[in-house]
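Residue 82 in the working numbering sits at position 88 of the sequence shown, with consecutive numbering throughout. Have a look at the structure below, then the notes.
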Amino acid sequence: MMPKRTGLLAALAALPVTLLTVAVSSPVFAADPPAYQIDLEQLNGSGSKGTALLSLRGNALTVWIKSEGLVPGQPSAQHLHGSTDGHDFQCPDGSADTNGDGILDNTEATVHYGDINISLTESGGTDAGSGLAVDRMPVADGQGKISYKRTITVGQDVVDHIKDLHIVQHGVDRNGNDKYDFEGAGKSELDPKLPQEATAPTNCGVVKGAAVGSVPVGGVETGGGDAGGMSQGVVIGGAGAASAAAAGVLLLARRRMVAVAAAAKTGGTA
């Protein structure tokens, strides 16, 4: 008969070394604080896409955004739009271009995604009045990518209605010259000193699903099609996958132990 301790060691020894390494070294992420996922999808045929997470700890809101397909070297105004009084706003589609000029401007789109609630600046104020503070907005790198993270103190109304808010990034290059200019779409209806290209929305995304686990170390991954493989209500980055693998190892070890115990009782082998 095989002693129980010997059986356990045999069960662990039978597992792949790589999985055991994952089980020992990879942290399991707690569900506190919760995070809410947003997949950013293109507007104005911009080709822009990305993924964002909103995480709340009390009244501290942390916003992570990783997006691509923006105008290289140009600032991208970005905001949390929507309502904290229960009104259901959504991202618009091409039919929202009511004047038929071929570009969905911010005024047309606001009917669908609501007014600015929080301006996602890199420094300074984050109120609606900072919505056009392009000098404090993130600038896309040479590949048209933006990586953003900031923690902002918010009111209880935002905490209570975080799922009713969504992210919009702005800035398009209608004439393809890698900059915002007045030749592409004329003046902005929001500020005639700015080109329409600078204020037109480039992508939009609403909060998806229920609360999920805390944010993976290293931020949010973006990719093709399904925004980095993140499904609704689920966040699995590299570390998250490792945690899942670790859980699988523990389950496999437990099953192996049960088989060993059963074999010991019957005098067989597991």
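Glycine residues also receive a C-beta, built at the ideal position from the N, C-alpha and C atoms.
Using a 10 Å radius around the Cβ and a threshold of 16 neighbouring Cβ atoms, would you call residue i buried or exposed?
i: Ser49; result: buried
i: Ser117; result: exposed
i: Lys60; result: buried
i: Arg51; result: exposed
i: Val105; result: exposed
i: Ser124; result: buried
Using the three-state DSSP reduction, which class does residue i fall into: helix, strand or coil?
i: Ser70; result: coil
i: Ser117; result: coil
i: Thr104; result: helix
i: Glu191; result: helix
i: Ser42; result: coil
i: Val206; result: With a pLDDT of 39 at Val206, under the threshold of 50, the predicted position of this residue should be treated as unreliable, and no value is reported.
i: Val200; result: strand
i: Val133; result: strand
i: Ala54; result: strand
i: Ser49; result: strand
Along the chain, where does the beta strand (DSSP E) containing residue i start, and where does it finish?
i: Val162; result: Leu159 to His164
i: Glu35; result: Ala29 to Gln36
i: Arg168; result: Segment: none, Arg168 is in no beta strand (DSSP E) and carries neither H nor E.
i: Thr308; result: No answer is possible for residue 308: the residues shown for the chain start at -5 and end at 264.
To the nearest angstrom, report how far apart residue i and residue j are at their CA atoms.
i: Leu126; j: Pro27; result: 31 angstroms
i: Gln31; j: His73; result: 15 angstroms
i: Ile156; j: Leu64; result: 26 angstroms
i: Lys43; j: Ser70; result: 13 angstroms
i: Asp129; j: Asp158; result: 28 angstroms
i: Val133; j: Gly80; result: 33 angstroms
Taking residue i as part of the alpha helix (DSSP H), name the residues at either end of that continuous run.
i: Ala179; result: Phe176 to Ala179
i: Val152; result: Gln150 to Asp154
Check whether the Cβ of residue i sits closer than 7 angstroms to any heavy atom of the ligand GDP, and report yes or no.
i: Thr147; result: The ligand GDP is absent from the structure shown, which contains no ligand whatsoever.
Does the structure place the segment 89 to 105 close enough to the segment 169 to 176 that three or more beta carbon pairs sit under 8 angstroms?
no
With three or more beta-carbon pairs closer than 8 angstroms as the criterion, would you say the segment 141 to 155 touches the segment 182 to 199?
no
The segment 176 to 189 in contact with the segment 105 to 122 per 3-pair CB rule at 8 angstroms:
no
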